[in-house]
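Worksheet: the structure to be examined is printed underneath.
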Amino acid sequence: MSSAEPTPRGIAWRAKAQFPGYRLPDELLAVREQVRRIVQDEIVPIEQRIDPDAPDLPETDWQRLAAKTKAAGLWCLGAPEPYGGGGLDTFSLCVLLEEMAQHRMGLYNPGCGVFGRYPPWVIWGGTREQIEKYAVPALREGYYTFFAITEPSGGADPAGAIQCRAEKRGNDWVLNGTNVFVRTDKGKGREGISCFIIEKGTPGFNARRFKVIRTVAEPCEVSFEDCVVPGERMIGEEGRGLSLCLDLLTRNRFPYSACNLGVAVAAHRMAIAHAKQRSTFGVPLSQRQAIQWMLADAEVELRACRWLIWEGAWKADRGEDARVEASIAKLYSSEVLGRTVDAAVQIHGGYGVSKEFPLERWYREARVRRIGEGPSEVQRMVIARSLFR
Ligand SMILES: Cc1cc2nc3c(=O)[nH]c(=O)nc-3n(C[C@H](O)[C@H](O)[C@H](O)COP(=O)(O)OP(=O)(O)OC[C@H]3O[C@@H](n4cnc5c(N)ncnc54)[C@H](O)[C@@H]3O)c2cc1C
389 MSSAEPTPRG IAWRAKAQFP GYRLPDELLA VREQVRRIVQ DEIVPIEQRI DPDAPDLPET
449 DWQRLAAKTK AAGLWCLGAP EPYGGGGLDT FSLCVLLEEM AQHRMGLYNP GCGVFGRYPP
509 WVIWGGTREQ IEKYAVPALR EGYYTFFAIT EPSGGADPAG AIQCRAEKRG NDWVLNGTNV
569 FVRTDKGKGR EGISCFIIEK GTPGFNARRF KVIRTVAEPC EVSFEDCVVP GERMIGEEGR
629 GLSLCLDLLT RNRFPYSACN LGVAVAAHRM AIAHAKQRST FGVPLSQRQA IQWMLADAEV
689 ELRACRWLIW EGAWKADRGE DARVEASIAK LYSSEVLGRT VDAAVQIHGG YGVSKEFPLE
749 RWYREARVRR IGEGPSEVQR MVIARSLFR
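Below you can see the structure in the form of structure tokens.
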């Protein structure tokens, strides 16, 4: 054996260390294809004939498609199996959400809810009784549920801003203020914040809708005036509300980012198609370097974005600390979404801002993604802190 030839030991090591590659599992690819067909063949045509600002599909269409996804085993895939969900890991869910979001309402209403809606947060932090009572029916029926942590005093820094108060009275809590994450102990800062389940119709609880740039899932300001909430509706332990919320926000950041990516991919695809078929000054837009560079930059950013989401979600699924990865995915996907949709609008010219196409709606809704669920600056702060630890 010459010295240039590998030793048997070297061969054995390399065989073990061989990288298996990045191919997605066949089952996941098959489900992704099923989801894609339902979105593109069923949801997109309905959206084209209804009000472009509609928040949801017409009820009859929703019922028909929800029945179809339930029968196909595609209902609530991200919720835990014992509670009627598909028990998918975050990585697989992200792969599917990228497809589910590729339609007009997709950013804030992926798949228009025909694949089930996001599980209510109590499912991740509640007791078995709370989950059975509140989460299971919401999952089964596809109800919308909400969480409220932002107060008029500020949302980027809830630990500092929360002013809503809860006072213990016997086994009950009496809430006053504008939130459901409330201070149960004034003197304790972030350790004095707790979380409650609030049922619609509870006396002293009010919700006021307010209009914003986005036309789906209009936010509400919720307020409490001597609102009595039984002790068993607290989620988690007293004083652990903020850490529960931050855990849930982190958990949600990968699926949230996957929706950003899905809409950006759809806008990019539209921009490419338009550039191919539209000519100005006798030349197709696709042959103009100015347009090619916009599309090339978007292509690079979308691929990078997908890997950032997939890598972070994979790490989270392995039980590793993925808080920084969650901030990176949320920050980058929100910003890439904004840039990609903006370029697609520009390439479409006047059509880009017409309600004939979904771009106008994506353009407006994408703006909220750099603010909601932690503004971009706060994500940068989290990432930067990790560099100096
Ligand atoms: C359409 C919509 C829906 C929403 N839905 C919900 C909901 O369902 N539940 C809920 O609880 N909240 C919801 N929110 C609130 C949202 O989460 C907050 O708007 C967000 O967290 C920012 O809080 P804020 O608006 O109070 O801004 P502030 O906290 O006042 O921050 C203002 C701006 O200051 C900058 N900033 C903040 N901190 C820093 C920093 N450390 N460094 C540098 N710059 C900084 C950022 O640019 C930020 O946008 C929703 C908001 C919108 C617009």
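Residue numbers (this note's numbering): 389 to 777. Think of the CB as a built atom: it goes at the ideal place given N, C-alpha and C, for glycine as much as any other residue.
Counting along the chain, the unbroken beta strand (DSSP E) around PRO618 starts and ends at 608-618. Around the Cβ of GLU435, a 10 Å sphere holds 16 or more other Cβ atoms; the residue is buried. GLU620 has its CB no nearer than 8 Å to any heavy atom of ligand 1. A straight-line Cα-Cα distance of about 21 Å links GLY565 and SER631. The C-alpha of ARG571 is placed about 29 Å away from the C-alpha of ALA772. The straight-line gap separating the alpha-carbon atoms of TYR410 and VAL671 is approximately 39 Å. Within the model, the alpha-carbon separation for ARG420 versus CYS482 is close to 10 Å. Here the alpha carbon of GLU587 sits roughly 47 Å from the alpha carbon of ASP685.
Taking a C-beta distance under 9 Å as the contact criterion, ARG505 and THR533 qualify as a contact pair.
In the three-state DSSP reduction, LYS703 falls in the helix class (H, G or I).
Counting only unbroken stretches of 4 or more residues, the alpha helix (DSSP H) elements lying wholly within the segment 532-581 are 546-549, in sequence order.
The Cβ neighbour count for VAL729, taken over all protein chains shown within 10 Å, is at least 16; the residue is labelled buried. With respect to the C-alpha of TYR496, the residue from ALA554, ALA605, GLU748 having the closest C-alpha is ALA605.
Residue nearest to PRO440 within the set PHE745, ALA717, ARG597 is PHE745 (criterion: CA-CA distance).
Straight across, the Cα-Cα distance linking SER645 with LEU484 is about 12 Å. Between GLU699 and GLU713, the beta carbon gap of about 7 Å places them in contact (Cβ cut-off 8 Å).
For VAL423, DSSP assigns no beta-bridge partner whatsoever.
Under DSSP, ASN594 forms a beta bridge with SER611. Within 10 angstroms of the beta-carbon of ARG516 lie fewer than 16 other beta-carbons, which makes it exposed. Given a length threshold of 4 residues, each whole run of the alpha helix (DSSP H) inside the segment 436-475 is given here in chain order: 447-459. In the three-state scheme derived from DSSP, where H, G and I count as helix and E and B as strand, PRO525 is classed as helix. Residue burial annotation: VAL741 is exposed, with fewer than 16 other C-beta atoms found within 10 angstroms of its C-beta. Under the 10 Å beta carbon count, PRO591 is surrounded by fewer than 16 other beta carbons and is classified as exposed. By the beta-carbon neighbour count (other beta carbons within 10 angstroms, threshold 16), ALA405 is exposed. VAL671 sits in a strand when the DSSP states are folded into three classes. Distance from the C-beta of MET769 to the nearest heavy atom of ligand 1 is below 8 Å. If you draw a straight line from the Cα of ASP709 to the Cα of LEU637, it comes to about 14 Å. Bounds of any alpha helix (DSSP H) do not take in ALA489, whose DSSP letter is neither H nor E.
Apart from sequence neighbours up to five positions away, the residues of its chain that approach LYS743 with a beta-carbon distance below 7 Å are PRO440, ordered along the chain. For GLY513 against ALA547, the beta-carbon gap comes to about 18 Å, at or over 8 Å, which does not count as contact. 9 Å or more divides the Cβ of GLY466 from the Cβ of THR457.
If the five residues before and after ASN594 are omitted, its C-beta is found closer than 6 Å to the C-beta atoms of SER611, all from its own chain and listed in chain order. Within the segment 629-656, no run of alpha helix (DSSP H) reaches 4 residues while sitting entirely inside it.
Between ligand 1 and SER764, a heavy atom-to-CB distance of less than 8 Å is present. In the structure shown, TYR410 adopts coil according to DSSP, grouped into three states. If you check the CB distance, ARG749 and LEU719 do not come in under 9 Å.
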